[in-house]
Amino acid sequence: MNYKRIGIKLYGRRLVPVDLCFYFDSSQEHAGLEELYEWAARNQKEVKNKFFQTLTQTCASNYREGILMKTFEQLLTSDWYQAVITELLQLKPRIQFVEHGSYEASILMDDFKERKYVLEGLDASLPTEEECIRWLLEQYNNDKDNIMSFMVARITFSEELDDDPDGEFPEGEELDEGDRSEVVEVLGFARSVIASTIIEYDFVKNHPKQLTAYYKRTRIPGAAKFSSQIKKVYASIAK
Numbered sequence: 040m041n042y043k044r045i046g047i048k049l050y051g052r053r054l055v056p057v058d059l060c061f062y063f064d065s066s067q068e069h070a071g072l073e074e075l076y077e078w079a080a081r082n083q084k085e086v087k088n089k090f091f092q093t094l095t096q097t098c099a100s101n102y103r104e105g106i107l108m109k110t111f112e113q114l115l116t117s118d119w120y121q122a123v124i125t126e127l128l129q130l131k132p133r134i135q136f137v138e139h140g141s142y143e144a145s146i147l148m149d150d151f152k153e154r155k156y157v158l159e160g161l162d163a164s165l166p167t168e169e170e171c172i173r174w175l176l177e178q179y180n181n182d183k184d185n186i187m188s189f190m191v192a193r194i195t196f197s198e199e200l201d202d203d204p205d206g207e208f209p210e211g212e213e214l215d216e217g218d219r220s221e222v223v224e225v226l227g228f229a230r231s232v233i234a235s236t237i238i239e240y241d242f243v244k245n246h247p248k249q250l251t252a253y254y255k256r257t258r259i260p261g262a263a264k265f266s267s268q269i270k271k272v273y274a275s276i277a278k
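Residue numbering for the sequence shown follows this note's numbering, beginning at 40 and increasing consecutively.
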């Protein structure tokens, strides 16, 4: 059997192929991560070396987990998602996440609905949660390094943003001082921010002209200005 080198990286206790030293059949030269997991699942018994035996078993487990993730709740509580959070915390250690809540799945679904409407129109059929999860995994696996860099820059931008909870009002229609909201405490980010940021990354990279429309659909105050700011965030990490 001929072999080709591909990489692995340790995320917590899990080994994940990346770019340097995982062996698989060279006929799969252009295989993506999902194909690599499939190969690992098929060939575990053929691998004699104990290290690579462990690796292929781990890859097979990861692949099966990906197959089993059919709902956003499963995604947000999966080992895969926790591994992404762990790496993000290694890159930006002081990020605070609030305890996961069931409401996050519906918010994430709303983000995907608005993405679909902006890109395909209001007559577009809505995606299933399973389709959305597959799309997220594909985006992450194909452009992981840039997505992680954007995520760090995007969260840093949010932390530094002088956020007005009431949004913007037309001139002459502003709220009176006594009617304005007050931020009492900033608790942290919801876990779903990672998936939402991948959606945002796809817009700013591949559909920049539709970014403002997406922010309007998701009710971001000052959508045009915010879109311009996020494009600058992306420009700071784009290679």
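Where is the CB? At the ideal position from N, CA and C, for every residue including glycine. Since we're looking at a predicted model, the values are computed, not measured.
Can you give the beta carbon distance from residue i to residue j, rounded, assuming they're within the 8 Å contact cut?
{"i": "residue 273", "j": "residue 243", "result": "4 Å"}
{"i": "residue 143", "j": "residue 229", "result": "5 Å"}
{"i": "residue 32", "j": "residue 115", "result": "It is not possible to answer for residue 32, since the shown part of the chain is limited to 40 through 278."}
{"i": "residue 259", "j": "residue 189", "result": "Between residue 189 and residue 259 the Cβ distance is about 17 Å, and since that is not below 8 Å, they are no contact."}
Taking residue i as the reference, which of the options has the closest Cα?
{"i": "residue 149", "options": "271, 265 and 257", "result": "257"}
{"i": "residue 134", "options": "141, 140 and 125", "result": "125"}
{"i": "residue 154", "options": "236, 269 and 271", "result": "236"}
{"i": "residue 131", "options": "179, 168 and 191", "result": "191"}
{"i": "residue 138", "options": "271, 227 and 269", "result": "227"}
{"i": "residue 197", "options": "112, 268 and 108", "result": "268"}
{"i": "residue 141", "options": "165, 112 and 169", "result": "112"}
{"i": "residue 109", "options": "165, 170 and 146", "result": "170"}
{"i": "residue 147", "options": "238, 163, 194 and 156", "result": "238"}
{"i": "residue 251", "options": "121, 241 and 266", "result": "266"}
{"i": "residue 168", "options": "129, 145 and 123", "result": "145"}
{"i": "residue 177", "options": "162, 163, 234 and 270", "result": "234"}
{"i": "residue 161", "options": "253, 277, 195 and 189", "result": "253"}
{"i": "residue 183", "options": "264, 248 and 127", "result": "127"}
{"i": "residue 181", "options": "195, 129 and 241", "result": "241"}
{"i": "residue 187", "options": "163, 172 and 129", "result": "129"}
{"i": "residue 117", "options": "156, 172 and 151", "result": "172"}
{"i": "residue 194", "options": "122, 120, 264 and 136", "result": "136"}
{"i": "residue 35", "options": "163, 175, 121 and 264", "result": "Outside the displayed span of the chain (40 to 278) sits residue 35, for which this structure offers no information."}
From the DSSP output, which residues share a beta bridge with residue i?
{"i": "residue 228", "result": "136"}
Secondary structure at residue i, three-state DSSP: helix, strand or coil?
{"i": "residue 197", "result": "helix"}
{"i": "residue 108", "result": "coil"}
{"i": "residue 182", "result": "coil"}
{"i": "residue 131", "result": "coil"}
{"i": "residue 272", "result": "helix"}
{"i": "residue 116", "result": "coil"}
{"i": "residue 277", "result": "coil"}
{"i": "residue 67", "result": "Note that residue 67 scores a pLDDT of 44, beneath 50, so its modelled location is shaky; the value from the coordinates is reported in the next line. Here residue 67 sits in helix by DSSP."}
{"i": "residue 235", "result": "helix"}
{"i": "residue 124", "result": "helix"}
Would you say the beta carbon of residue i comes nearer than 7 Å to a heavy atom of the ligand ADP?
{"i": "residue 148", "result": "Although the ligand ADP was asked about, the structure shown includes no ligands whatsoever."}
Problem - Continuous alpha helix (DSSP H) assignments of at least 4 residues falling wholly in the region 239-264 - result: 250-256
Exercise for the section: Run through the region 141-169 for me and flag every whole alpha helix (DSSP H) of 4 or more residues, listed as ranges in chain order. Expected result: 142-159
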